[in-house]
Amino acid sequence: IGIANNAGAPLLAASEYPILVQTGEEVIGGSTRMKAGTAQKIVLNLFSTAVMVRLGRVYKGMMVDFRVTNAKLRRRSEAMVARIAGCDPARARQALVEAEGEVKLAALVALGVRRDEAKAQLRRHGGNLRLALRDLPKEKPHSPGAA
499 IGIANNAGAP LLAASEYPIL VQTGEEVIGG STRMKAGTAQ KIVLNLFSTA
549 VMVRLGRVYK GMMVDFRVTN AKLRRRSEAM VARIAGCDPA RARQALVEAE
599 GEVKLAALVA LGVRRDEAKA QLRRHGGNLR LALRDLPKEK PHSPGAA
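All letters in the sequence shown, in the order written, are residues 499 to 645 by our numbering.
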């Protein structure tokens, strides 16, 4: 893959997958960090986002394939797990603890799937949460502590 901003760039001819991002001349000549650099960054962001979606690391517009390593990610992951599982924040927090901070695993645990079965379910589906959720029984498993 080669990304260039000028049609005659040698990189495009040498690339199996050339991407031409015609931005025109820079406002300040020679300052490629402006239009050209920004355009290339946008292309790379789009490309990496598409790859994450294709790999199943995104679920309903949420990046779910990450580990919780700080307070900001903890808050974000709690909200995601609660949204995916349709549970309250306390249950989402508990599931994240059981899943050792793995969001996809926690979502399944919050739905009442035992941790070991949730791990196996994700493994069977190549880590794809959407497929793992689709493969769950239509009726939610019995949640721990539920009457």
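Note that beta-carbon positions come from the ideal geometry of N, C-alpha and C, so glycine has one too.
On a predicted model such as this, the values are computed, not experimentally measured, just so you know.
| Asked | Found |
| --- | --- |
| Cβ-Cβ distance between V601 and L634 below 8 Å | no |
| Cβ pair count under 8 Å reaching 3, the segment 512-520 against the segment 536-545 | yes |
| Check whether A605 and V579 have beta carbons under 8 Å apart | yes |
| Terminal residues of the alpha helix (DSSP H) in which P587 lies | P587 to E596 |
| Sheet register partners of R565 (DSSP bridge) | E600 |
| Neighbourhood of D586 by C-beta distance below 7 Å, restricted to the same chain and skipping five residues each side | A580 |
| Where the beta strand (DSSP E) through P635 begins and ends | Element bounds for P635: n/a, residue is neither H nor E. |
| Where A645 falls: helix, strand or coil (DSSP) | Bear in mind that the predicted position of A645 carries a pLDDT of just 38, short of 50, making it unreliable; the figure below should be weighed with that in mind. Of the three classes helix, strand and coil, the one that applies to A645 here is coil, per DSSP. |
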